[in-house]
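Asker:
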Amino acid sequence: MSRRRLLTALLCVALLVGFGDLPAGLSVGASPAMAATELNYLSVARGEPRRQAILAAVADFEKANPGVKVVLSEIPFDQYFQKAAIALSSGSGIDVFDVDSPLVASYGHQGALLALDKYFTKENLDDITPAERSITQYKGKTISIPKGSTSVGLFVNVDLFKQAGLKVPGIDPKERLTWDQVVDLAKKVQADKSGNKIPDVWGFAVQQYDRPYMMLPLIQSNGACDLSQDGTTVDGCLNSPAAIDAARWYGDTFNKHKISPREQVPNLFYTGKLAMYLAPSYEANTLKSQYPNVNWIVAPHPYFKKPVTPTGAWHVGVFSGTKHPDLAVALLKAYTDPEPAKRNYKIMNYTPVRVSTFKAFPETFNVAPNNLFYWEIVHTAVSRPRTPGYREYEDLLRQAFANIRQGADAAKEMNAAVEKINAQLRRYK
20 MSRRRLLTAL
30 LCVALLVGFG
40 DLPAGLSVGA
50 SPAMAATELN
60 YLSVARGEPR
70 RQAILAAVAD
80 FEKANPGVKV
90 VLSEIPFDQY
100 FQKAAIALSS
110 GSGIDVFDVD
120 SPLVASYGHQ
130 GALLALDKYF
140 TKENLDDITP
150 AERSITQYKG
160 KTISIPKGST
170 SVGLFVNVDL
180 FKQAGLKVPG
190 IDPKERLTWD
200 QVVDLAKKVQ
210 ADKSGNKIPD
220 VWGFAVQQYD
230 RPYMMLPLIQ
240 SNGACDLSQD
250 GTTVDGCLNS
260 PAAIDAARWY
270 GDTFNKHKIS
280 PREQVPNLFY
290 TGKLAMYLAP
300 SYEANTLKSQ
310 YPNVNWIVAP
320 HPYFKKPVTP
330 TGAWHVGVFS
340 GTKHPDLAVA
350 LLKAYTDPEP
360 AKRNYKIMNY
370 TPVRVSTFKA
380 FPETFNVAPN
390 NLFYWEIVHT
400 AVSRPRTPGY
410 REYEDLLRQA
420 FANIRQGADA
430 AKEMNAAVEK
440 INAQLRRYK
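First residue of the sequence shown: 20, per my numbering; consecutive thereafter.
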């Protein structure tokens with residue numbers, strides 16, 4: 020893609036979300052003297068302790084590169100994509116930036132990310148877990164490096180199961196429940212003690228209850244695809260019988276079986292009012308640190324025909340137009356290489372993305388629930404579809420699942436979503 024087309028594409032993204040002030044520390048049109056000594060890093064503001072991991076990487080980089088100053092711009096999530104687009108379109112004030120993993124292909128299509136292969140050994144890249152490694156690729160080139168990873172499991176309230184006289188689900192992948200078993204258990208554990216037809220204890224809920232991150236494994240587990248192999252269509256994938264059956268099953272949890280609340284109710288699992296909670300791996304940290312009185316385990320992600328789990332987290336990339344590519348890559352590596360990755364885990368306690376990090380902490384990843392998340396990341400994890408049109412794909416599929424949750428016909432919604440998504444994908448041919 021030409022420079023002019025890149026700038027036009029990125030400005031269009033910014034226009035879609037609206038313009039705002041440039042983030043603090045982001046200087047458009049910096050003087051040559053400033054550009055020679057400053058390296059600009061745009062990062063999503065994630066709070067502590069993740070900020071400490073970034074600052075540690077910056078400190079290491081600046082120590083190894085005297086005279087080079089990193090200007091770190093931390094931007095709130097709800098403003099990040101807009102402001103990153105503005106910075107990229109201006110062509111200045113940005114060298115390194117955070118990349119949400121499903122958008123790697125979009126930035127690759129726009130020509131916004133520098134190819135990184137020549138800076139990394141095969142051993143370094145092979146250290147990244149397989150599903151996450153695939154996300155880094157666009158047209159055969161490595162254009163981003165992941166910071167960490169995620170997995171998803173079925174969080175189970177042990178006390179609620181015991182009170183209902185039910186066997187607590189197993190934690191070994193060999194004991195994985197089917198989705199139909201989840202429905203059966205949810206009906207048995209759910210309780211309406213007040214008799215007002217509003218459960219005091221709900222049977223089952225999904226944390227991100229319409230996002231493709233957690234919805235796509237449902238249809239993939241039933242044998243459906245999420246995108247054609249050539250990346251041009253979702254026809255025959257999202258509207259296949261397998262996909263529609265899985266979507267209908269999901270709608271039934273709200274409308275037929277009534278085991279799930281239609282609207283997200285915060286803290287249900289934390290307060291003992293939800294028996295089974297499909298949620299990301301980071302929820303384990305929340306439960307341990309903030310809700311020590313909840314008695315819980317994590318069972319493997321349920322399945323229809325084959326186990327499929329979601330994965331994906333934030334990556335780091337280098338702007339293709341940077342005037343300092345070697346320095347920018349050095350900063351990226353100061354955060355994502357094997358040794359910094361181990362340090363990051365110690366600071367953040369976040370699911371790793373490198374095999375070497377998992378192996379460096381056997382006291383953590385050989386015990387539940389982390390051993391389960393590690394197993395899933397290696398054996399069952401599937402990334403979201405790698406398409407330049409992912410943002411449109413997600414918005415349209417989310418709307419379909421939101422409608423299904425409210426009682427709409429699954430076949431009608433999935434077929435309508437296919438038409439709309441394909442119309443968007445045609446823009447990227």
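For glycine and all other residues, C-beta sits at the position ideal for the given N, C-alpha and C.
At what residues does the alpha helix (DSSP H) containing residue 175 begin and finish?
Answerer: Here residue 175 refers to the residue found at position 156 of the sequence shown. Not the alpha helix (DSSP H): residue 175 falls in the beta strand (DSSP E), residues 171-176.
Asker: For the 8 Å Cβ check, are there 3 or more pairs between the stretch 422-429 and the stretch 217-225?
Answerer: Counting Cβ pairs under 8 Å, fewer than three are found: no touch.
Asker: Return the residue from the list 390, 445, 273 and 162 that minimises the CA-CA distance to residue 225.
Answerer: On the sequence shown, residue 225 is found 206 positions in, with the first residue counted as 1. Per the Cα distances, 273.
Asker: Can you give me the C-alpha to C-alpha distance between residue 107 and residue 444, rounded to a whole angstrom?
Answerer: On the sequence shown, position 88 is the one that residue 107 refers to. On the sequence shown, position 425 is the one that residue 444 refers to. If I take the Cα positions, the gap works out to 23 Å.
Asker: Exposed or buried, which one is residue 442 when buried takes at least 16 other CB atoms within 10 Å?
Answerer: One-based indexing of the sequence shown puts residue 442 at position 423. Exposed, since its Cβ has fewer than 16 Cβ neighbours within 10 Å.
Asker: Which same chain residues, not among the five before or five after residue 440, have their C-beta less than 8 Å away from its C-beta?
Answerer: Here residue 440 refers to the residue found at position 421 of the sequence shown. Cβ within range, chain order: 253, 257, 408, 411, 412, 415 and 416.
Asker: I'd like the list of long-range same chain contacts for residue 264, defined as Cβ closer than 7 Å, with 5 residues on each side in sequence excluded.
Answerer: Along the sequence shown, read from residue 1 onward, the residue named residue 264 stands at position 245. Here the set comprises 241.
Asker: Under a three-way DSSP split, which group does residue 438 fall into?
Answerer: Taking the first residue of the sequence shown as position 1, residue 438 is located at position 419. It is helical.
Asker: Given that a residue counts as buried once 16 or more other Cβ atoms are within 10 Å of its Cβ, and exposed if not, what is residue 403?
Answerer: Counting from one through the sequence shown, the residue named residue 403 turns up at place 384. Residue 403 should be labelled buried.
Asker: Which one of 191, 347 and 372 has the shortest CA to CA distance from residue 58?
Answerer: The count along the sequence shown starts at 1 and reaches residue 58 at position 39. Ranking 191, 347 and 372 by Cα distance to residue 58 puts 347 first.
Asker: State buried or exposed for residue 213, treating a residue as buried only when at least 16 other CB atoms are found within 10 Å of its CB.
Answerer: Taking the first residue of the sequence shown as 1, we reach residue 213 at position 194. Exposed, by the Cβ-count rule.
Asker: Hey, could you find the ends of the alpha helix (DSSP H) residue 395 is sitting in?
Answerer: As a first step, residue 395 is located in the sequence shown; it is residue number 376 there, counting from the start. Residues 389-398.
Asker: Look up residue 88 in the DSSP assignment and say whether it is helix, strand or coil.
Answerer: Within the sequence shown, the letter at position 69 stands for residue 88. Of the three classes helix, strand and coil, the one that applies to residue 88 here is strand, per DSSP.
Asker: So, under 8 Å CB-CB, residue 204 and residue 185 are touching, yes? Tell me the CB distance rounded to an integer number of Å.
Answerer: In the sequence shown, counting from the first residue as 1, residue 204 sits at position 185. In the sequence shown, counting from the first residue as 1, residue 185 sits at position 166. Yes, they are in contact, since the Cβ atoms of residue 204 and residue 185 sit about 6 Å apart, within 8 Å.
Asker: Please specify which runs of the alpha helix (DSSP H), each continuous and at least 4 residues long, are wholly inside the stretch 145-174, giving them in chain order.
Answerer: Taking only runs of at least 4 residues, the alpha helix (DSSP H) segments lying wholly in the stretch 145-174 are 149-154.
Asker: Can you list, in chain order, the residues of its chain whose CB lies under 6 Å from that of residue 376, leaving out five sequence neighbours each side?
Answerer: As a working mapping, residue 376 is identified with position 357 in the sequence shown. Closer than 6 Å at the Cβ level, and outside the excluded window around residue 376, lie 360, 361 and 364.
Asker: Could I get the ranges of all uninterrupted beta strand (DSSP E) runs contained in the stretch 206-259, with 3 residues as the minimum, in chain order?
Answerer: DSSP runs (the beta strand (DSSP E)) wholly in the stretch 206-259: 221-225.
Asker: Quick one: using the 10 Å Cβ neighbour count with 16 as the cut-off for buried, is residue 139 buried or exposed?
Answerer: Position 120 of the sequence shown, counted from the first residue, corresponds to residue 139. Classification for residue 139: buried.
Asker: Check whether the Cβ atoms of residue 320 and residue 330 lie closer than 8 Å to each other.
Answerer: For this step, residue 320 is matched to residue 301 along the sequence shown. For this step, residue 330 is matched to residue 311 along the sequence shown. Against a cut-off of 8 Å, the Cβ pair of residue 330 and residue 320 comes out as no contact.
Asker: If you count every other CB in all the chains shown that lies within 10 Å of the CB of residue 191, and 16 or more means buried, which is it?
Answerer: Residue mapping note: residue 191 aligns to position 172 of the sequence shown, counting from 1. The residue is exposed, with fewer than 16 neighbouring Cβ atoms inside 10 Å.
Asker: Quick check on residue 237: buried or exposed, where buried means 16 or more other Cβ atoms within 10 Å of its Cβ?
Answerer: Locating residue 237 in the sequence shown gives position 218, counting from the first residue. It counts as buried.
Asker: Helix, strand or coil for residue 132? Go by DSSP, reduced to three states.
Answerer: Position 113 of the sequence shown, counted from the start, is the residue given in the question as residue 132. In the structure shown, residue 132 sits in a strand (DSSP, three-state: E or B).
Asker: Looking at the unbroken beta strand (DSSP E) that takes in residue 119, where does it start and where does it end?
Answerer: As a working note, residue 119 is residue 100 in the sequence shown. Run containing residue 119: 115-119, per the beta strand (DSSP E) assignment.
Asker: Going by the DSSP bridge assignment, what does residue 329 pair with across the sheet?
Answerer: The residue labelled residue 329 in the question sits at position 310 within the sequence shown. For residue 329, which the question treats as bridged, DSSP gives the partners 401.
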